[in-house]
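Colleague:
Numbering (the numbering used here), first residue to last: 1 to 277.
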């Protein structure tokens, strides 16, 4: 199910909708959370409309998450191994799932800088477990819409792109810096949103074509400039080659012949005679 891919430990989830289905965004995200055992008491939303014009609306959401999270522990998260459950005695708050209005609605009332700052505050808040933001590129009327969407992708740890009715992609960023990019075939039923992984454009049940043994033994093309094998003539030439360190010379007997120069002074007398030794 798609909920297994979206409701994870990644905190900021961005849904890029190429199909213009913004009207179903809150219900769609809510159903994914319910599939993973997230009750209504764990979900917080911002009011839509003119109230988004006031900064107090955003501050109230953060304050509400902090106050309620300190007073009582929300329902446990069955999808997470580190989550506490009611009555388990762990006493560890699990945080809230925040579903934001669509990016198009937010841009109608607030500047991009404010939206980025608010997203960052939610991401850093210990009282928020997950943040969901829905964006339809065709509905973004801002002159710098492409850059704003790219900024949201930068802040998000999980990016789901609904490409077509039957195809979606998922980019996941891990805390250690690793990034995975996967594609899925999707099928929507009345009760579930089924996804099937794609392997290099092929369905998961279809394995890519395996190379035959004959193909593995195919020699390199003639245009290749690198060759390891030697033919018979080359082997003979290599064995007949004598390397410099292998060359030897027969020992011969010789005499040293010295021819004195005209300036040479050979004194046969004792050179230390005047030292009185």
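Note that the Cβ used here is the ideal one computed from N, Cα and C, for glycine as well.
Computed from a predicted model, the values in this text were never measured in an experiment.
To the nearest angstrom, report how far apart residue 136 and residue 145 are at their CA atoms.
Modeller: In the chain shown, residue 136 corresponds to position 136, counting from 1. In the chain shown, residue 145 corresponds to position 145, counting from 1. Approximately 10 Å between the Cα atoms of the pair.
Colleague: From residue 2 to residue 32, what distance separates their C-alpha atoms?
Modeller: Counting from one through the chain shown, the residue named residue 2 turns up at place 2. Counting from one through the chain shown, the residue named residue 32 turns up at place 32. Computed Cα separation, rounded: 7 Å.
Colleague: In terms of alpha-carbon separation, which member of 4, 255, 133 and 24 lies closest to residue 46?
Modeller: By 1-based counting over the chain shown, the position of residue 46 is 46. Minimum Cα distance to residue 46 is reached at 133.
Colleague: Near residue 163, what residues of its chain come up, given a Cβ to Cβ distance below 7 Å and the 5 sequence neighbours on each side ignored?
Modeller: For the purposes of this step, residue 163 is taken as the residue at position 163 of the chain shown. Cβ within range, chain order: 18 and 169.
Colleague: Excluding the 5 residues flanking residue 12 on each side, which residues of the same chain have their C-beta closer than 8 Å to its C-beta?
Modeller: Residue mapping note: residue 12 aligns to position 12 of the chain shown, counting from 1. Once the five neighbours on either side are set aside, the close Cβ partners of residue 12 are 119, 122, 123, 130, 131, 133, 155, 156, 157 and 158.
Colleague: Among all the DSSP beta bridges, which residues are the ones paired with residue 130?
Modeller: Locating residue 130 in the chain shown gives position 130, where the first residue counts as 1. Paired residues: 97.
Colleague: Which stretch, first to last residue, makes up the beta strand (DSSP E) that contains residue 16?
Modeller: Working through the chain shown from its first residue, we reach residue 16 at position 16. From DSSP, the beta strand (DSSP E) with residue 16 extends over 12-17.
Colleague: Of all the options 23, 148 and 258, which has the alpha carbon lying nearest to the alpha carbon of residue 114?
Modeller: Here residue 114 is taken as the residue at index 114 of the chain shown, counted from 1. For the residues 23, 148 and 258, the minimum Cα distance to residue 114 belongs to 148.
Colleague: Looking only at its own chain, which residues have a Cβ that is under 7 Å from the Cβ of residue 101, when we skip the five neighbours before and after it?
Modeller: In the chain shown, counting from the first residue as 1, residue 101 sits at position 101. So the qualifying residues of the chain are 46, 48 and 52.
Colleague: Start and end of the beta strand (DSSP E) containing residue 44?
Modeller: Sequence index remark: in the chain shown, residue 44 carries index 44 (1-based). 43-45 is the span of the beta strand (DSSP E), which, as asked, contains residue 44.
Colleague: At what residues does the beta strand (DSSP E) containing residue 171 begin and finish?
Modeller: Numbered from 1 along the chain shown, position 171 holds the residue referred to as residue 171. Residue 171 -> beta strand (DSSP E) spans 167-173.
Colleague: What did DSSP end up calling residue 181 once you bin it into helix, strand or coil?
Modeller: The count along the chain shown starts at 1 and reaches residue 181 at position 181. Strand, per DSSP.
Colleague: DSSP puts residue 187 in a beta bridge; with which residues?
Modeller: As a first step, residue 187 must be located in the chain shown, where it is residue number 187. Note: residue 187 sits in a beta bridge opposite 194.
Colleague: Please name the residue, chosen from 116, 111 and 21, that lies closest to residue 143 on a Cα-to-Cα basis.
Modeller: Reading the chain shown from its first residue, position 143 is the one you call residue 143. Nearest C-alpha to residue 143: 111.
Colleague: If you draw a straight line from the C-alpha of residue 54 to the C-alpha of residue 178, how long is it?
Modeller: Taking the chain shown and counting its residues from 1, the one referred to as residue 54 is at position 54. Taking the chain shown and counting its residues from 1, the one referred to as residue 178 is at position 178. Spanning the two alpha carbons is a distance of roughly 38 Å.
Colleague: By Cβ distance below 8 Å, which residues in the same chain neighbour residue 106 in space, the five residues on each side in sequence not counted?
Modeller: Within the chain shown, residue 106 is the residue found at index 106, counting from 1. Excluding positions up to five away in sequence, the list reads 52, 100 and 115.
Colleague: Does DSSP classify residue 164 as helix, strand or coil?
Modeller: If you number the chain shown from 1, residue 164 lands on position 164. Of the three classes helix, strand and coil, the one that applies to residue 164 here is strand, per DSSP.
Colleague: Classify residue 43 as buried or exposed, calling it buried when 16 or more other Cβ atoms lie within 10 Å of its own Cβ.
Modeller: Here residue 43 corresponds to residue number 43 of the chain shown, with the count starting at 1. Buried, by the Cβ-count rule.
Colleague: Taking 9 Å as the cut-off, decide whether the C-beta atoms of residue 152 and residue 14 are in contact.
Modeller: For this step, residue 152 is matched to residue 152 along the chain shown. For this step, residue 14 is matched to residue 14 along the chain shown. For residue 152 and residue 14, yes; Cβs fall inside 9 Å.
Colleague: Would a C-beta distance cut-off of 9 Å place residue 61 and residue 104 closer than the cut-off?
Modeller: Numbered from 1 along the chain shown, position 61 holds the residue referred to as residue 61. Numbered from 1 along the chain shown, position 104 holds the residue referred to as residue 104. Not closer than 9 Å, so no.
Colleague: At what residues does the alpha helix (DSSP H) containing residue 239 begin and finish?
Modeller: In the chain shown, residue 239 corresponds to position 239, counting from 1. 232-240 is the extent of the alpha helix (DSSP H) around residue 239.
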